[in-house]
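Just so we're aligned, residue 1 is where the sequence shown starts under UniProt numbering, counting upward by one.
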Amino acid sequence: MYWHHRLARKSSILVIVLSAIFVCGAYWSTRHFSNISKNENFESFVAASSETSDEQDEDLPQVSLEAKLKMAIDKLSAKGISPSALMLENLYYIPSEVPFESYNNTILHQPKSCKTQTLLSILVPSNPASIQEREAIRETWGSVARGHKWPRHMRNYDVRVFFVLGTIGDRNLSEFVDSVAEHKYMSQGTGANNVEQIDPINGGPVNDSDDANETKAYVESIVQQEIKSFDDIIQFDMVDTYANLTRKLLLAFGWLIKSCHVSQFIMKADQDVFVNVPLLYTLLTHYAHKNTIYGHIYPNNWVERQGKWAVDKRTLPVDQYPIYAAGNAYIMSVDAAATVLRLAPYFPYVPVEDAFITGILASVGDVDRIHMSGFTKWSDPLPDECEFINNEIYVGNNATVHDLRIIWWHIMIPNIAGC
Numbered sequence: 001m002y003w004h005h006r007l008a009r010k011s012s013i014l015v016i017v018l019s020a021i022f023v024c025g026a027y028w029s030t031r032h033f034s035n036i037s038k039n040e041n042f043e044s045f046v047a048a049s050s051e052t053s054d055e056q057d058e059d060l061p062q063v064s065l066e067a068k069l070k071m072a073i074d075k076l077s078a079k080g081i082s083p084s085a086l087m088l089e090n091l092y093y094i095p096s097e098v099p100f101e102s103y104n105n106t107i108l109h110q111p112k113s114c115k116t117q118t119l120l121s122i123l124v125p126s127n128p129a130s131i132q133e134r135e136a137i138r139e140t141w142g143s144v145a146r147g148h149k150w151p152r153h154m155r156n157y158d159v160r161v162f163f164v165l166g167t168i169g170d171r172n173l174s175e176f177v178d179s180v181a182e183h184k185y186m187s188q189g190t191g192a193n194n195v196e197q198i199d200p201i202n203g204g205p206v207n208d209s210d211d212a213n214e215t216k217a218y219v220e221s222i223v224q225q226e227i228k229s230f231d232d233i234i235q236f237d238m239v240d241t242y243a244n245l246t247r248k249l250l251l252a253f254g255w256l257i258k259s260c261h262v263s264q265f266i267m268k269a270d271q272d273v274f275v276n277v278p279l280l281y282t283l284l285t286h287y288a289h290k291n292t293i294y295g296h297i298y299p300n301n302w303v304e305r306q307g308k309w310a311v312d313k314r315t316l317p318v319d320q321y322p323i324y325a326a327g328n329a330y331i332m333s334v335d336a337a338a339t340v341l342r343l344a345p346y347f348p349y350v351p352v353e354d355a356f357i358t359g360i361l362a363s364v365g366d367v368d369r370i371h372m373s374g375f376t377k378w379s380d381p382l383p384d385e386c387e388f389i390n391n392e393i394y395v396g397n398n399a400t401v402h403d404l405r406i407i408w409w410h411i412m413i414p415n416i417a418g419c
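Structure representation (structure tokens):
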């Protein structure tokens with residue numbers, strides 16, 4: 001009897017304890033979830049929680065994604081900047097009555113299909129030997145121009161990417177040979193006096209007299225393969241040098257306006273630039289205007305008389321440029337492009353492309369310039385991949401071929417970056 005009584009007593013205590021735990025747990029749960037549901041930001045709380053998923057954007061309605069992009073744009077400052085009216089009073093800024101230059105170089109290759117409605121055409125200046133750079137762009141941000149969707153986005157972006165080439169020159173050959181091997185020539189052999197120079201192109205011994213011609217033929221054959229496979233190359237009959245960059249771009253503008261007249265905006269992007277296509281596309285869809293250039297706008301920079309960006313004073317008899325967009329990446333409405341194209345022949349040729357096209361010609365043509373905080377300039381370091389994932393930036397420059405692929409990989413799998 002004693003043990004029965006003691007067991008019954010223990011059972012009663014256990015039941016009481018379990019009941020108390022259940023009641024307290026139910027009370028805590030009710031209070032906790034009721035406080036959350038009373039929170040005015042409950043929906044944003046749920047949305048923020050769901051963003052930890054690998055497929056955070058796949059199941060979201062497109063309107064929600066569009067709203068996110070517009071909110072990101074609203075956080076990026078944009079400011080209209082005007083050139084100095086006093087500066088433009090200089091007689092240099094009066095167009096000549098007769099042309100100084102003719103921009104009529106023969107077009108060697110042009111895309112066959114360019115008639116579909118396109119919001120944005122992106123021109124990427126590229127020398128023929130930059131094979132790896134073009135490949136990396138096609139496989140990363142430029143893949144949207146080939147019918148692929150941006151990672152975790154449901155929509156297609158009607159964007160075209162064109163690579164603008166001249167013809168191959170000696171400097172192009174040197175850059176290409178350096179790019180295909182860690183050293184210009186690979187060595188094989190065991191001793192300092194028993195080293196054979198191996199051509200990285202054909203794998204055979206180097207023949208100095210034939211090497212340049214063979215390399216040139218190889219590069220040209222690769223370009224021909226690209227033309228057939230991708231239909232995205234515009235090539236003009238001029239040696240591809242920095243001095244010819246202004247000419248190459250103006251010719252490309254003319255081709256776009258004549259052959260791809262349905263494009264509303266034209267972008268110039270260097271090969272080392274990563275373009276945040278969805279953010280840029282949303283900007284142009286909802287906020288862009290005609291007769292405007294968008295980019296990182298420089299104030300009145302000094303004209304250099306020595307070095308890579310040197311311009312002779314007889315060609316450019318002013319000491320400062322008017323405001324202009326940094327040349328690594330800028331966008332202009334198609335009517336603004338037509339304006340600078342119309343004025344270009346009536347000024348002496350200036351090889352500093354960004355200052356001439358988006359500064360001198362745009363100022364004379366009364367084209368608006370908008371400084372965008374999400375555009376980098378050439379001296380800026382490569383942005384962190386999280387700046388692209390979180391839509392904090394439109395473009396970033398100084399990216400190697402490897403960098404382009406790493407950024408793209410993080411955009412495809414954002415949780416890996418820990419953004």
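Every residue gets a Cβ at the ideal spot worked out from N, C-alpha and C, and that includes glycine. None of the values given here were measured: they were computed from a predicted structure.
Cross-strand partners of residue i (DSSP beta bridge)
i, result
"residue 424", "Since the first and last residues shown for the chain are 1 and 419, residue 424 lies out of range."
"Y298", "Y324"
"T167", "V239"
"H109", "Q235"
"M332", "I266, I293"
DSSP-derived helix/strand/coil call for residue i
i, result
"D237", "strand"
"V161", "strand"
"F347", "coil"
"L284", "helix"
"C24", "With a pLDDT of 39 at C24, under the threshold of 50, the modelled position of this residue cannot be trusted, and the question is left open."
"P83", "coil"
"I13", "Here I13 scores only 42 on pLDDT, less than 50, and its place in the model should not be relied on; the value that follows carries that caveat. Correct three-state label for I13: helix."
"T140", "coil"
"R31", "For R31, the pLDDT reaches just 31, beneath the cut-off of 50, and the residue's location in the model is therefore unreliable, leaving the point undetermined."
"K216", "helix"
"G147", "coil"
"I393", "coil"
"K70", "helix"
"T246", "helix"
"T358", "helix"
"V275", "strand"
"Q132", "helix"
"I94", "coil"
"K228", "helix"
"L341", "helix"
"D211", "helix"
"W309", "coil"
"K258", "helix"
With 16 other Cβ atoms within 10 Å as the buried cut-off, status of residue i
i, result
"Y287", "exposed"
"A72", "buried"
"M372", "buried"
"W255", "buried"
"S126", "buried"
"N391", "buried"
"S102", "exposed"
"K75", "exposed"
"K216", "buried"
"D272", "buried"
"G80", "exposed"
"V98", "exposed"
"A243", "exposed"
"Q117", "exposed"
"A362", "buried"
"L280", "buried"
"G307", "exposed"
Short Cβ contact (7 Å threshold) for residue i with residue j
i, j, result
"I389", "I411", "yes"
"M332", "I122", "no"
"A145", "V159", "yes"
"V161", "G142", "yes"
"G374", "A325", "no"
"L250", "A344", "yes"
"V239", "P128", "no"
"A269", "A329", "yes"
"V219", "I297", "no"
"T292", "D368", "yes"
"S259", "C419", "no"
"A337", "F253", "yes"
"I234", "I227", "no"
"L69", "P278", "yes"
"F265", "L283", "no"
"K290", "D354", "no"
Start and end residues, alpha helix (DSSP H) containing residue i
i, result
"M412", "401-412"
Opening and closing residue of the beta strand (DSSP E) in which residue i lies
i, result
"I122", "120-125"
"K268", "265-269"
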